[in-house]
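Colleague:
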Amino acid sequence: MESSSSESEDGNEEVERDEREENNETELLREDLADLSTEISIKQKLIEELENSQKRLNNMKLHYEEKLSLLARKIKETETERDRVLDTIHEHDKEAAQQSQKVKSDYEKKINNFKDELKKLQSAKKEHNRLMRTKTQNEMQLKGLTRDLDELKKTKVKLMRQMKEEIAKNKKREAERERQISQLKKESRKREIQIKNMESEKRQRELVLKRKQEE
């Protein structure tokens, strides 16, 4: 009877130990998956930031180019207009030197303002061009991050598949253990019944022997 109980306890301990090991393996896979998901999220955020930075640089480049082109056109148009107005004054009034000088001065002031604005814009564009040189580095970094992200996603898919397989194996092993435990319990009950029957038979024989001796 004690032997049967001891075997049952040993079997339970082994089952519990196996369960702990399997749970540990599954938990480790879950932790790896969580770490991987965090890393993927960080990489995606970095890629998004770099892409936005590249877009901003490109938009600023277009903005500066358009503004510079516009100012250059305005300067040329203003100079042409100035020359035309001065020619008109000279044609109609040869004595209008004072008027001519005032018109010329007004146009020069206007043109100089445009030129000052143009210089500031050219200076800003120069600084922007310096930033644009980092664009190549950003593109290389972006390619590297995208490559890393693809690898991480592949690893995640592989890990999820592995985890799914591990869970399926655990369920299968659990079902097998339940079957074995049920079988062990059945055998244990069978042995207990056999032992009880043997003990009962022994007592019966002893009683019969005792009666015979008393007779």
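Each residue of the sequence shown is one higher than the one before, starting from 1 at the first, in the UniProt record's numbering. Yeah, the Cβ is synthetic: ideal placement off N, Cα and C, and Gly gets one too. Here the structure is a predicted model, which means the values were calculated and not measured.
For D87, which residues from the same chain have a beta carbon less than 8 Å from its beta carbon, with the 5 sequence-adjacent residues on both sides left out?
Modeller: As a position in the sequence shown, residue 87 is number 87, starting the count at 1. Nothing meets the Cβ criterion.
Colleague: Using a threshold of 7 Å, is the CB atom of R161 nearer than that to any non-hydrogen atom of the ligand ADP?
Modeller: You won't find the ligand ADP in this model; it holds no ligand whatsoever.
Colleague: By how many angstroms is the C-alpha of E192 removed from the C-alpha of S3?
Modeller: One-based indexing of the sequence shown puts residue 3 at position 3. One-based indexing of the sequence shown puts residue 192 at position 192. Reliability fails at S3, whose pLDDT of 48 lies under 50, so the model's placement of it is uncertain and the value that follows must be treated cautiously. In a straight line, the C-alpha of S3 is about 11 Å away from that of E192.
Colleague: What's the C-alpha gap between T38 and K61?
Modeller: Along the sequence shown, one-based indexing puts residue 38 at 38. Along the sequence shown, one-based indexing puts residue 61 at 61. Taking the straight line from one Cα to the other gives about 35 Å.
Colleague: Are three or more beta carbon pairs between the region 136-153 and the region 49-64 nearer than 8 Å?
Modeller: The region 136-153, when compared against the region 49-64, does touch it at the 8 Å Cβ threshold.
Colleague: What do you reckon, are the CB atoms on L36 and K156 nearer than 8 Å?
Modeller: In the sequence shown, the residue the question calls residue 36 occupies position 36. In the sequence shown, the residue the question calls residue 156 occupies position 156. Contact: yes.
Colleague: Three Cβ pairs or more, each shorter than 8 Å: is that satisfied between the region 60-78 and the region 176-192?
Modeller: With the cut-off at 8 Å, the region 60-78 and the region 176-192 do not touch.
Colleague: Using the Cα positions of F144 and L152, report the straight-line distance between them to the nearest angstrom.
Modeller: On the sequence shown, residue 144 is found 144 positions in, with the first residue counted as 1. On the sequence shown, residue 152 is found 152 positions in, with the first residue counted as 1. Reading the sequence as shown, one finds Gly at residue 144 and not Phe. Taking the straight line joining both Cα atoms gives about 12 Å.
Colleague: Counting only the same chain and skipping the five closest in sequence on each side, list residues whose C-beta sits under 8 Å from that of V103.
Modeller: The sequence position of residue 103 within the sequence shown is 103, counting from 1. Once the five neighbours on either side are set aside, the close Cβ partners of V103 are R82, V85, L86 and I89.
Colleague: Nearest-angstrom Cα distance between A124 and I111?
Modeller: Taking the first residue of the sequence shown as position 1, residue 124 is located at position 124. Taking the first residue of the sequence shown as position 1, residue 111 is located at position 111. Distance between the alpha carbons of A124 and I111: 20 Å.
Colleague: For D32, which of T146, N170, L207 and M160 has the nearest alpha-carbon?
Modeller: As a working mapping, residue 32 is identified with position 32 in the sequence shown. Of the candidates T146, N170, L207 and M160, the one whose C-alpha sits nearest the C-alpha of D32 is M160.
Colleague: Do T146 and I47 have their beta-carbon atoms positioned less than 8 Å apart in this structure?
Modeller: To locate residue 47, count along the sequence shown from 1; it is residue 47. To locate residue 146, count along the sequence shown from 1; it is residue 146. Against a cut-off of 8 Å, the Cβ pair of T146 and I47 comes out as a contact.
Colleague: With DSSP collapsed to three states, give me the class of S4.
Modeller: Walking along the sequence shown from the start, residue 4 turns up at place 4. Residue placement at S4 cannot be trusted, given a pLDDT of 47 that sits under 50; what the coordinates show is reported in the next sentence. Residue state, collapsed to three classes: helix.
Colleague: Is it the case that the Cβ atoms of L121 and L68 are separated by a distance below 8 Å?
Modeller: Taking the sequence shown and counting its residues from 1, the one referred to as residue 121 is at position 121. Taking the sequence shown and counting its residues from 1, the one referred to as residue 68 is at position 68. Closer than 8 Å, so yes.
Colleague: Closest by CA to L71, which one among K119, A34, K109 and Y107?
Modeller: Residue mapping note: residue 71 aligns to position 71 of the sequence shown, counting from 1. The option with the nearest alpha carbon to L71 is K119.
Colleague: Find out if the Cβ-Cβ distance for the pair Q162, L29 is shorter than 8 Å.
Modeller: As a first step, residue 162 is located in the sequence shown; it is residue number 162 there, counting from the start. As a first step, residue 29 is located in the sequence shown; it is residue number 29 there, counting from the start. In contact: Q162 and L29 (Cβ atoms closer than 8 Å).
Colleague: Taking the straight line between their C-alpha atoms, what separation do you get for Q194 and Q213?
Modeller: Taking the sequence shown and counting its residues from 1, the one referred to as residue 194 is at position 194. Taking the sequence shown and counting its residues from 1, the one referred to as residue 213 is at position 213. Going from the Cα of Q194 to the Cα of Q213 covers about 28 Å.
Colleague: Which one of K135, L149 and K190 has the shortest CA to CA distance from R40?
Modeller: One-based indexing of the sequence shown puts residue 40 at position 40. The residue asked about is misnamed: residue 40 is Ile in this sequence, not Arg. The shortest C-alpha separation from I40 is found at L149.
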